[in-house]
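Residue numbers (the numbering used here): 1212 to 1628.
Take a look at the structure:
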């Protein structure tokens, strides 16, 4: 199967564009089954992503100096590249003309940003040498509302932002435009300060969650939203997304993931739901109407604040956002008498997992049931081994949120032995 992206094979983003999507799903299922086999050998369904192109709502190409196999003289001014890292060569950036898994319309935006950068006299930041100014071009969109956002992240210091705003609006159309600054050499899309240059301070994404989501796959978000692939909604929620918000990067696929989590919560019928690593409250809001209360635990204050705003905008008043590290909260919970009778714990940690301290404290609290949502199957398998003395896997399933990559979201339900 010929890949659709001209950068495939060089770009470090996609790994399987040359494999038909159904075969990608089968390969992910087989790999997950092998990882989970020491803990679970039952049915392992994988729900495919509803869309395979332009499914991501966020990309963050970086400005970097051109890399040469033969280093030029020290006085040579390197050209600025806007793009991603090469596969297997993180030190060698490559220019990307568009991204077929990112928001639509990036080709003219990338071209305009490169032209603006070349005319601005501003140099790309060099993470190895420490000099330069331009760092990241963060691009977000909302699939249902069509709203878009562009954030230019630079080193601190004065700059004329008007030409940048003009270039973005001319190439990308109406959108929110921000400038962020970040100190240090870290290569990420985070900002220490933010300034709104144009438009609204946030975009709004709407999720429509069905507990029995469809299994069809469409080519683009527009096809999914207008065609027979889109299931009838059961729960509709609006989420405010600010420049630094964490939100599932495949929102249409996340509807299927959250639908499967919601179905489990309905079946288990807990009185109280503990949402660990709750972020901006996505799982909490999805399940809030099924329980008397939700405790959403997250250590990033801005994420908790986004969650409170999202609750207010959706008329949800039974979610308590607790800004605290998960292990600290579990320790305090144990000191205060433990979990309420019949409470359900849902944990959705970052790729690095929960860590042994969190697992020890969960074992001390001993909930009857635990739902583990993981974006890293290898870490999940290792942490299931740590839980195994007290918990057995009841069932497991996965939802593919990342077509053309090896990544997969897994849902595992555990019961106390």
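Backbone N, C-alpha and C fix where the C-beta goes; we use that ideal spot for every residue, glycine too. Keep in mind that this is a model prediction, so the values were computed, not measured.
Taking residue i as the reference, which of the options has the closest Cα?
i            : options                : result
residue 1492 : 1519, 1328, 1476, 1478 : 1519
residue 1396 : 1312, 1437, 1342, 1615 : 1342
residue 1591 : 1220, 1233, 1250       : 1250
residue 1406 : 1361, 1398, 1426       : 1361
residue 1549 : 1578, 1391, 1327       : 1578
residue 1620 : 1265, 1544, 1461, 1328 : 1461
residue 1265 : 1310, 1277, 1293, 1304 : 1310
residue 1600 : 1571, 1582, 1622, 1607 : 1571
residue 1629 : 1409, 1340, 1510, 1252 : Since the displayed the chain opens at 1212 and closes at 1628, residue 1629 lies outside it and no answer follows.
residue 1554 : 1504, 1273, 1366, 1374 : 1504
residue 1374 : 1333, 1481, 1291, 1366 : 1333
residue 1408 : 1479, 1328, 1386, 1335 : 1386
residue 1458 : 1351, 1543, 1569       : 1351
residue 1427 : 1611, 1292, 1213, 1453 : 1611
residue 1273 : 1357, 1280, 1366, 1432 : 1366
residue 1452 : 1287, 1432, 1357       : 1357
Excluding the 5 residues preceding and the 5 following residue i in the sequence, name in chain order all residues of the same chain whose CB lies nearer than 8 Å to its CB.
i            : result
residue 1589 : 1246
residue 1525 : 1448, 1449, 1496
residue 1528 : 1522
residue 1308 : 1217, 1218, 1318, 1321, 1322
residue 1469 : 1418, 1420, 1493, 1494, 1497
residue 1629 : Residue numbering for the chain in the displayed model covers 1212 to 1628; residue 1629 lies beyond these limits and cannot be assessed.
CB-CB under 6 Å to residue i, same chain, minus the five flanking residues each way: which ones, in chain order?
i            : result
residue 1476 : 1498, 1501
residue 1522 : 1530
residue 1271 : 1347, 1349, 1400
residue 1355 : 1417
residue 1235 : 1227
residue 1398 : 1338
residue 1364 : 1346, 1347, 1391, 1393, 1402
residue 1532 : 1507, 1515, 1518, 1519
residue 1370 : none
Taking only the alpha-carbon atoms, compute the straight-line gap between residue i and residue j and give it to the nearest angstrom.
i            : j            : result
residue 1414 : residue 1359 : 7 Å
residue 1418 : residue 1561 : 21 Å
residue 1558 : residue 1256 : 20 Å
residue 1546 : residue 1624 : 26 Å
residue 1227 : residue 1420 : 28 Å
residue 1536 : residue 1379 : 38 Å
residue 1575 : residue 1388 : 47 Å
residue 1485 : residue 1508 : 8 Å
residue 1268 : residue 1445 : 23 Å
residue 1630 : residue 1259 : Nothing can be reported for residue 1630: it is not among the residues displayed for the chain, which extend from 1212 to 1628.
residue 1353 : residue 1513 : 20 Å
residue 1465 : residue 1312 : 15 Å
residue 1241 : residue 1248 : 10 Å
residue 1303 : residue 1278 : 6 Å
residue 1617 : residue 1223 : 12 Å
residue 1456 : residue 1534 : 15 Å
residue 1276 : residue 1325 : 12 Å
residue 1597 : residue 1564 : 12 Å
residue 1215 : residue 1315 : 14 Å
residue 1328 : residue 1586 : 36 Å
residue 1593 : residue 1567 : 10 Å
Can you tell me the Cβ-Cβ gap for residue i and residue j, rounded? I've got them flagged as a contact below 8 Å.
i            : j            : result
residue 1626 : residue 1580 : 6 Å
residue 1614 : residue 1232 : 6 Å
residue 1551 : residue 1489 : The pair is not a contact, with the Cβ atoms about 17 Å apart (cut-off 8 Å).
residue 1516 : residue 1474 : No, residue 1516 and residue 1474 are not in contact; Cβ-Cβ is about 29 Å, not under 8 Å.
residue 1253 : residue 1606 : 6 Å
residue 1573 : residue 1556 : 7 Å
Using the rule of at least 16 other Cβ atoms within 10 Å of the residue's Cβ for burial, across every protein chain shown, is residue i buried or exposed?
i            : result
residue 1229 : exposed
residue 1411 : exposed
residue 1299 : exposed
residue 1243 : buried
residue 1330 : exposed
residue 1487 : buried
residue 1541 : buried
residue 1425 : buried
residue 1382 : buried
residue 1543 : exposed
residue 1237 : exposed
Tell me which residues share the same chain as residue i and place their Cβ nearer than 7 Å to its Cβ, disregarding the 5 neighbours each side in the sequence.
i            : result
residue 1429 : 1261, 1262, 1435, 1438, 1440
residue 1603 : 1625, 1626, 1628
residue 1403 : 1392, 1393, 1394
residue 1225 : 1216, 1219, 1312, 1615, 1616
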